[in-house]
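Using UniProt numbering, the first residue of the sequence shown is number 1, and each one after it goes up by one.
Idealized CB from N, CA, C, for every residue including glycine.
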Amino acid sequence: MKKHFDQSPQGRFKQAGVAAGFNTFFSGIEAAIGPVPIAGATGFVVATNTPSKKPFFLGCLLIAAISLFPSIINTIAMLPPAVAYAVTFVIFTKMVRLAFYEWQKEKNQERGLTVIGVSWMTGVGLMFVP
1 MKKHFDQSPQ
11 GRFKQAGVAA
21 GFNTFFSGIE
31 AAIGPVPIAG
41 ATGFVVATNT
51 PSKKPFFLGC
61 LLIAAISLFP
71 SIINTIAMLP
81 PAVAYAVTFV
91 IFTKMVRLAF
101 YEWQKEKNQE
111 RGLTVIGVSW
121 MTGVGLMFVP
């Protein structure tokens, strides 16, 4: 955050871990799928240049409200997959950009290249596993 928004993140990692633990615990009690942090969220934050939480909360409320109207959901579901791919392409491009910025900070560049190569080939290979 400091590099992109001139803000330092608050040291609240422990509290976030406890909150995630409670969410997962209660999801397990209710036989529901626990919430999972999405890696693409960092790319979305960089793409929108908005480190504030307010737009994300408003977006969540909007999605929850729209889900009450099946006709709207059906219309959105009819969009071609290429539209969704175009949106996620921008987000993942920003996420990869952040990864390369972090890689440039690595003191042992050779090790970083090996990690990138193995990770890349594993990910591409797993895409073709049925």
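Straight-line CA distance for G34 to G11?
24 Å
On the DSSP letters alone, give me the boundaries of the alpha helix (DSSP H) that N49 sits inside.
From DSSP, N49 is part of no alpha helix (DSSP H); its letter is neither H nor E.
Pull up the distance between the alpha-carbon of residue 164 and that of A64, whole angstroms please.
Here the chain comprises residues numbered 1 to 130, so residue 164 is not present and cannot be evaluated.
Measure the alpha-carbon distance for L126 versus F22 and round it to whole angstroms.
Spanning the two alpha carbons is a distance of roughly 32 Å.
Does the Cβ of I91 have 16 or more other Cβ atoms within 10 Å, making it buried, or fewer, making it exposed?
buried
Inter-residue Cα distance where the pair is W103 and K94:
14 Å
Within 9 Å, strictly: CB atoms of V46 and R97
Yes, they are a contact pair.
Pull up the distance between the alpha-carbon of N74 and that of E106, whole angstroms please.
Here the alpha carbons of E106 and N74 stand approximately 47 Å from one another.
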